[in-house]
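Q: The working numbering applies: residue 322 is where the sequence shown begins, and numbers increase by one.
By construction, the Cβ of each residue, glycine as well, lies at the ideal position given by its N, Cα and C atoms.
Predicted, not measured: the structure shown is a model, and the values here were computed from it.
One structure, as structure tokens, below. Some questions next.
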Amino acid sequence: MRKLVLWGHGIEDYREMFDLPQGVENLRLLEYGCGPSAVNYQQTQVKKKGVVSCDPLFVLDKDTLLAKAKMIFANMAEEVRQHQDQFDFSRNGSLDKLLQERQEGMKQFFADYEQGKADGRYLGLTDYHLPFADFTFDFALSSHYFFADLDEQTVDFHLIAIRELARVAKEVRIFPLIDREGNTSQFLGPVLLGLQQENYGVEVREVAFHLHKSGNAMLRVWAQQCVV
């Protein structure tokens with residue numbers, strides 16, 4: 322189980338979540354562990370080869386993934402309803418409007434999924450290695466995947482995956498940095514230390530996106546030297 326997330330994010334969510342610069346439609350983006358997001362579809366409408374999205378879930382066929390996504394989304398929505406005091410819905414107007422927006426985003430994703438897989442825009446992950454050359458992307462963006470404090474997500478898991486993202490992208494941005502309980506992840510400190518010891522640049526930056534009241538910071542990571 323991943324951390325609490327309502328899938329179906331769009332590019333406007335990403336602008337705030339990752340503090341993306343102007344002209345994002347001209348950037349080469351890698352989504353990592355993104356789940357059913359509308360970002361790839363939306364960016365493809367304005368730039369035919371703008372985004373590649375990678376997730377272990379994308380090894381599934383459309384019908385299997387759709388059934389799984391609907392079940393997970395319903396469970397997550399109910400969890401948010403039960404803990405509404407922990408969330409800020411001012412950006413969307415209400416919880417119901419947020420759910421409607423995210424469901425529409427998921428519809429866009431699934432309408433695009435099979436064509437996107439055929440085009441190589443949606444890739445199913447089976448291990449840490451990413452099939453891209455060094456610095457293929459301007460940004461690698463990961464939403465609600467890391468720092469969930471799950472049993473299988475150790476400090477080493479984070480370091481290996483983030484190193485690989487920093488290899489294929491000029492900069493990695495990860496959001497949020499809280500666990501499923503809304504607390505700062507216990508892994509954040511050790512991961513930051515490990516990256517700094519390996520000479521990666523790191524920054525924790527406050528961002529405008531604040532659906533979860535305690536989760537409005539992202540992590541930036543970038544390689545400071547070329548590996549020969």
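#1: For the alpha helix (DSSP H) that Val345 lies in, which residues bound it at each end?
#2: How should Pro497 be labelled, buried or exposed, when 16 other C-beta atoms within 10 angstroms of its C-beta is the threshold for buried?
#3: In three-state DSSP terms, what is Pro526?
#4: Let me know the secondary structure DSSP gives Val542 once reduced to three states.
#5: Only counting the same chain, and skipping five residues up and downstream in sequence, which positions put a Cβ closer than 7 Å to that of Gln405?
#6: Decide if Ala461 is buried, meaning its Cβ has at least 16 other Cβ atoms within 10 Å, or exposed.
#7: Please state whether the Cβ-Cβ distance between Phe530 and Met338 is less than 7 Å.
#8: If the criterion is Cβ atoms closer than 7 Å, does the pair Ser463 and Tyr353 meet it?
#9: How would you label Val372, buried or exposed, when you count the other beta carbons within 10 angstroms and need 16 or more for buried?
#10: What is the DSSP secondary structure of Val548, counted as helix, strand or coil?
A: On the basis of the supplied data:
#1: In the sequence shown, residue 345 corresponds to position 24, counting from 1. For Val345, no alpha helix (DSSP H) segment is defined, and its DSSP state is neither H nor E.
#2: Residue mapping note: residue 497 aligns to position 176 of the sequence shown, counting from 1. That one is buried.
#3: Locating residue 526 in the sequence shown gives position 205, counting from the first residue. Looking at the sequence itself, residue 526 is Arg, so the reference to Pro does not match. Correct three-state label for Arg526: strand.
#4: Counted from its first residue, the sequence shown places residue 542 at position 221. Collapsing the DSSP output to three states places Val542 in a strand.
#5: The residue you call residue 405 lines up with position 84 of the sequence shown. These residues qualify, in order along the chain: Leu416.
#6: In the sequence shown, the residue the question calls residue 461 occupies position 140. Buried.
#7: In the sequence shown, counting from the first residue as 1, residue 530 sits at position 209. In the sequence shown, counting from the first residue as 1, residue 338 sits at position 17. In contact: Phe530 and Met338 (Cβ atoms closer than 7 Å).
#8: The sequence position of residue 463 within the sequence shown is 142, counting from 1. The sequence position of residue 353 within the sequence shown is 32, counting from 1. The Cβ atoms of Ser463 and Tyr353 sit closer than 7 Å to each other.
#9: For the purposes of this step, residue 372 is taken as residue 51 along the sequence shown, with counting starting at 1. Burial call: buried.
#10: Residue mapping note: residue 548 aligns to position 227 of the sequence shown, counting from 1. Note on Val548: pLDDT 49, under 50, position unreliable in the model; no value is reported.
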